[in-house]
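What follows is one structure encoded as structure tokens, with my remarks underneath.
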């Protein structure tokens, strides 16, 4: 969906700072944002905005950070230079937080157990309202999901190394300045793993609804072991199914995305399931 439709915050842009104002009830999101900015400033300075100040206890929490150069990658045609820089930035953020520090970071929201639970809750409401093409893909996805152990996997098998993850794959959160990519928006961040974070990027609607990301070229820039590769495919399927449900809930009278987006997502999910 679009950033404006799902945003939990508003941005005030200054000359060299950005103030992020969260909606009432968004204290956890603001705390995750501030934690991420603080950790990355300590362990990977320059990759993300530098933290300036925060009021996390306010009814409408605020986080003030430095303003970064560059424009969002969403909607751009990404050549080799941009893909290299994007892969470099996400690799850096995944490895930025030392293991002994990462152990104390809470698991990110939207982990696999949570997502499988959401899908099962959505299915009775969504399935009757969709057309045949989307319905067939939903049925295939639900049948596949029933045969997996993803609802028990959390951060994946124990041999999959945990990493620090931004938690949001929207390419609008990755800023390209002509030579480097920097990352913004950490309200869904936390302890994660590479398969989940990479699937967040490749399966987010922002990766294909406008100018499509070459997912295989992007993923080919990561040296994943056999366990990560297997879990990545499963997680891409899971995220594609999540997005199919989200797009199916789009209001036809006030659509957030172009007509036919859910049908295109159904085709994407079917290809991944095959």
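In the numbering used here, the protein residues as written are 85 to 358.
Using N, Cα and C, we set each Cβ at its ideal position, and we do this for glycine too.
Just so we're clear, the structure is a prediction, and the values are computed from it rather than from any experiment.
field: Contact belief for residue 177 with residue 101 at Cβ below 8 Å, rounded distance in angstroms
entry: Wrong, their Cβ atoms sit about 21 Å apart, outside the cutoff.
message: Quick check: the Cα distance between residue 153 and residue 192, rounded to an integer number of angstroms?
response: When rounded, the separation of the alpha-carbon atoms in residue 153 and residue 192 is 27 Å.
message: Tell me whether the region 203-222 and the region 291-307 touch, counting them as touching only if at least three CB pairs, one residue from each stretch, are closer than 8 Å.
response: No: fewer than three Cβ pairs fall under 8 Å.
field: Exposed unless 16 or more other CB atoms sit within 10 angstroms - verdict on residue 268
entry: Counting Cβ neighbours within 10 Å, residue 268 comes out buried, since at least 16 surround it.
- prompt: What is the residue span of the beta strand (DSSP E) that residue 216 lies within?
  reply: Boundaries around residue 216 are those of the alpha helix (DSSP H), 216-230, since no beta strand (DSSP E) includes it.
- request: Measure the C-alpha to C-alpha separation of residue 117 and residue 351 and round it to an integer number of angstroms.
  value: About 34 Å.
field: Inter-stretch contact at 8 Å, needing at least 3 Cβ pairs: the region 135-143 / the region 257-274
entry: No, the region 135-143 does not touch the region 257-274.
query: Is the beta carbon of residue 234 sitting closer than 8 Å to the one on residue 317?
result: Result no, Cβ atoms of residue 234 and residue 317 do not sit closer than 8 Å.
message: Using CA atoms only, rank isn't needed, just tell me which of 280, 228, 292 and 275 is closest to residue 308.
response: Among 280, 228, 292 and 275, the Cα nearest to that of residue 308 belongs to 280.
- prompt: Is the closest heavy atom of the ligand SAH to the C-beta of residue 228 under 7 Å?
  reply: Among the ligands in the structure shown, none appear at all, so the ligand SAH cannot be discussed.
field: Residue of 113, 161, 122 and 354 minimising C-alpha distance to residue 146
entry: Among 113, 161, 122 and 354, the Cα nearest to that of residue 146 belongs to 113.
query: If you count every other CB in all the chains shown that lies within 10 Å of the CB of residue 169, and 16 or more means buried, which is it?
result: That one is buried.
- prompt: Any idea what DSSP makes of residue 105, helix, strand or coil?
  reply: Of the three classes helix, strand and coil, the one that applies to residue 105 here is strand, per DSSP.
field: Element boundaries [alpha helix (DSSP H), containing residue 204]
entry: Per DSSP, residue 204 belongs to the alpha helix (DSSP H) from 196-210.
- prompt: If you count every other CB in all the chains shown that lies within 10 Å of the CB of residue 242, and 16 or more means buried, which is it?
  reply: Exposed, by the Cβ-count rule.
- prompt: From this set, 128, 135, 110 and 194, which residue's C-alpha is nearest residue 119's C-alpha?
  reply: Its Cα nearest to that of residue 119, the residue 135 stands out among 128, 135, 110 and 194.
task: Buried or exposed for residue 89, please, with buried defined as at least 16 other CB atoms from any protein chain shown within 10 angstroms of its CB.
output: Note that residue 89 scores a pLDDT of 39, beneath 50, so its modelled location is shaky; the value from the coordinates is reported in the next line. That one is exposed.
query: CB-CB under 8 Å to residue 277, same chain, minus the five flanking residues each way: which ones, in chain order?
result: Here the set comprises 239, 240, 244, 245, 246, 247, 249, 312 and 315.
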